[in-house]
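Visitor: Each residue of the sequence shown is one higher than the last, beginning at 22 in this note's numbering. A single structure is presented below for examination.
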Amino acid sequence: MTEGTTVKYDAIKPFARGDGVVTRLMVGKGNADDTQFTTGTTVFPAGCAAPLHSHNCTEQVTILEGTAEVMIGGDVHTLGAMDTTFVPANLPHYFRNIGDGTLTIFWIYGARDVTRTFTETGETVPHMSPRDQV
22 MTEGTTVKYD
32 AIKPFARGDG
42 VVTRLMVGKG
52 NADDTQFTTG
62 TTVFPAGCAA
72 PLHSHNCTEQ
82 VTILEGTAEV
92 MIGGDVHTLG
102 AMDTTFVPAN
112 LPHYFRNIGD
122 GTLTIFWIYG
132 ARDVTRTFTE
142 TGETVPHMSP
152 RDQV
């Protein structure tokens, strides 16, 4: 991506994560050679959640639509549309859709090379890799 480039959301290939959860990488290592961060969206159907995990960098999440139960380091919060939370690097967390409709989150990672470590297994995988389809 170069200066003046526009990223069209509908042109971004969705990344299926299981249970109907879909992520779209908007800006990151794969499509922006000079970026120092990674952004995208994830859509969760009602009742779906991300597994407990952590990242190697700080994550900022803004709820665009719906209601989420968010657990960060053992503390549980409820967030609604346009609420934002920050997750420090290496702190286990999850997001769960507790509403009746769709939960859409916009996330920003403070790094170019993001990893995800699944708390249950301890496995660390590159973000948006085939092994990250959970």
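Cβ atoms here follow ideal geometry from the backbone N, Cα and C, with glycine treated the same way.
Please report the distance separating the alpha-carbon of Val-91 from that of Thr-27.
Guide: The residue labelled residue 91 in the question sits at position 70 within the sequence shown. The residue labelled residue 27 in the question sits at position 6 within the sequence shown. Each residue's Cα considered, the two are about 31 Å apart.
Visitor: If you measure between the beta carbons of His-148 and Tyr-130, is that distance less than 9 Å?
Guide: If you number the sequence shown from 1, residue 148 lands on position 127. If you number the sequence shown from 1, residue 130 lands on position 109. Yes, the pair counts as a contact, with Cβ atoms nearer than the cut-off.
Visitor: Count the other CB atoms, across all protein chains shown, that sit within 10 Å of the CB of Asn-118; report buried if there are 16 or more and exposed otherwise.
Guide: Working through the sequence shown from its first residue, we reach residue 118 at position 97. Buried is the call here.
Visitor: If you pair each beta-carbon of the segment 99–109 with each one of the segment 63–70, do three or more pairs fall below 8 Å?
Guide: Result no; under three Cβ-Cβ pairs closer than 8 Å.
Visitor: Specify, as a first and last residue, the run of the beta strand (DSSP E) that Arg-45 falls within.
Guide: Against the sequence shown, residue 45 aligns to sequence position 24. Segment 43–48, the beta strand (DSSP E) holding Arg-45.
Visitor: Relative to the C-alpha of Asn-111, which residue among Gly-49, Gly-143, Gly-120 and Gly-87 is closest?
Guide: Within the sequence shown, residue 111 is the residue found at index 90, counting from 1. Comparing Cα-Cα distances from Asn-111 to each of Gly-49, Gly-143, Gly-120 and Gly-87, the minimum goes to Gly-143.
Visitor: Going residue by residue through the segment 61–149, where are the continuous beta strand (DSSP E) segments of at least 3 residues, counting only ones entirely within it?
Guide: Here the runs fully enclosed are 74–76, 80–86, 89–93, 96–100, 105–108, 114–118, 124–130, 136–139 and 145–147.
Visitor: Look up Ala-37 in the DSSP assignment and say whether it is helix, strand or coil.
Guide: As a first step, residue 37 is located in the sequence shown; it is residue number 16 there, counting from the start. Strand.
Visitor: DSSP beta-bridge partners for Thr-59?
Guide: Locating residue 59 in the sequence shown gives position 38, counting from the first residue. Thr-59 pairs with Tyr-130.
Visitor: DSSP state of Ala-53, grouped into three classes?
Guide: Taking the sequence shown and counting its residues from 1, the one referred to as residue 53 is at position 32. Here Ala-53 sits in coil by DSSP.
Visitor: Which residue from Thr-44, Thr-60, Thr-88 and Asp-54 puts its Cα closest to that of Thr-79?
Guide: Counted from its first residue, the sequence shown places residue 79 at position 58. Selected option, being the one with the closest Cα: Thr-60.
Visitor: Excluding the 5 residues flanking Arg-45 on each side, which residues of the same chain have their C-beta closer than 6 Å to its C-beta?
Guide: For the purposes of this step, residue 45 is taken as the residue at position 24 of the sequence shown. Same-chain partners within the cutoff: Ile-33, Pro-35, Gly-61 and Thr-62.
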